[in-house]
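In the UniProt record's numbering, the protein residues as written are 1 to 165.
Even glycine gets a Cβ: it sits at the ideal position worked out from N, Cα and C.
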Amino acid sequence: MGTSSSRWFASHRGHSSFITHLDWSKDGRFIMSNSGDYEILYWDVAGGCKLLRNRFESRDREWASYTCVLGFHVFGVWPDGSDGTDINSLCRSHHERVVAVADDFCKVHLFQYPCARPKAPSHVYGGHGSHVTNVRFTHDDGHLVSLGGKDTSVFQWRVLPGDSA
Numbered sequence: 001m002g003t004s005s006s007r008w009f010a011s012h013r014g015h016s017s018f019i020t021h022l023d024w025s026k027d028g029r030f031i032m033s034n035s036g037d038y039e040i041l042y043w044d045v046a047g048g049c050k051l052l053r054n055r056f057e058s059r060d061r062e063w064a065s066y067t068c069v070l071g072f073h074v075f076g077v078w079p080d081g082s083d084g085t086d087i088n089s090l091c092r093s094h095h096e097r098v099v100a101v102a103d104d105f106c107k108v109h110l111f112q113y114p115c116a117r118p119k120a121p122s123h124v125y126g127g128h129g130s131h132v133t134n135v136r137f138t139h140d141d142g143h144l145v146s147l148g149g150k151d152t153s154v155f156q157w158r159v160l161p162g163d164s165a
């Protein structure tokens, strides 16, 4: 895409810190974003990136992707005593039944989705030699790819039926 064929649509201001994660609603009208100071904000893109004040209305919204580490649907992935930086990445599967989490403790977790209750059970997988920086499902949810931090490794995990908690 050349610069002559693109145009600026809108900008959104509202976070007090840098944006860390962003997801679109299935209808393309809304954005959910997380920031470095642990804010969860919801935006009406169709209305020119207007900040939504009623966060509870967003709880029932359907999301095309879910990579935000903070939100109603993934509250239960956070361990007790977490400082807010313990989870580096999160990815909901395309079939919307499982969420994968990359943490600071060399682990990859699989939770049932949605995961809205505290202390939700998970399957835990080890192998990385340092913090896990990112996780993503392949297009068919048959595999999960995880990226290591200091160990700079790339793991490909086969997802088997029943792997969700």
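Problem set entry | Pairwise C-alpha distance: I31 and H21 | Residue mapping note: residue 21 aligns to position 21 of the sequence shown, counting from 1. Residue mapping note: residue 31 aligns to position 31 of the sequence shown, counting from 1. Within the model, the alpha-carbon separation for H21 versus I31 is close to 10 Å.
For this session: Just mark R59 as buried or exposed, buried being the case when its beta carbon has 16 or more other beta carbons within 10 Å.
Result: If you number the sequence shown from 1, residue 59 lands on position 59. Counting other Cβ atoms within 10 Å of its Cβ, R59 stays below 16 and is therefore classed as exposed.
For this session: Please name the residue or residues paired with N34 in a DSSP beta bridge.
Result: Along the sequence shown, one-based indexing puts residue 34 at 34. Note: N34 sits in a beta bridge opposite H21, I40.
Exercise. Who pairs with V77 in a beta bridge, going by DSSP?
Worked result: Here the question's residue 77 lines up with position 77 in the sequence shown. For V77, DSSP records no beta bridge to any residue.
Exercise. Between the region 138-147 and the region 84-101, do at least 3 Cβ pairs fall closer than 8 Å?
Worked result: Contact holds: three or more Cβ-Cβ distances are below 8 Å.
Exercise. CB F76 to CB A46, shorter than 7 Å?
Worked result: The residue labelled residue 76 in the question sits at position 76 within the sequence shown. The residue labelled residue 46 in the question sits at position 46 within the sequence shown. Residue identity differs from the one stated: residue 76 is Gly in this sequence, not Phe. In this structure, the beta-carbon distance from G76 to A46 does not fall below 7 Å.
Exercise. In three-state terms, what does DSSP make of F137?
Worked result: The count along the sequence shown starts at 1 and reaches residue 137 at position 137. Collapsing the DSSP output to three states places F137 in a strand.
Exercise. Is F105 helix, strand or coil when you go by DSSP?
Worked result: Within the sequence shown, residue 105 is the residue found at index 105, counting from 1. If DSSP states are grouped into helix, strand and coil, F105 belongs with coil.
For this session: Pull up the CB-CB distance for S130 and C106, whole angstroms please, since I reckon it's below 8 Å.
Result: In the sequence shown, counting from the first residue as 1, residue 130 sits at position 130. In the sequence shown, counting from the first residue as 1, residue 106 sits at position 106. Contact between S130 and C106 is confirmed by a C-beta separation of about 6 Å, below the 8 Å threshold.
For this session: Measure the beta-carbon distance from H128 to D104 and round it to whole angstroms, keeping in mind my assumption that it falls under 8 Å.
Result: Position 128 of the sequence shown, counting from 1, holds the residue named residue 128. Position 104 of the sequence shown, counting from 1, holds the residue named residue 104. Wrong, their Cβ atoms sit about 11 Å apart, outside the cutoff.
Exercise. Using a Cβ-Cβ cut-off of 8 Å (strictly less than) and excluding sequence neighbours within five positions of A120, which residues of its own chain qualify?
Worked result: As a working mapping, residue 120 is identified with position 120 in the sequence shown. Cβ within range, chain order: G76, V77, F111, Q112, A165.
Exercise. Closest to R29 by CA distance: which of D44, D37, D140, S35 is it?
Worked result: Here residue 29 corresponds to residue number 29 of the sequence shown, with the count starting at 1. Measuring from the Cα of R29, the nearest candidate turns out to be D44.
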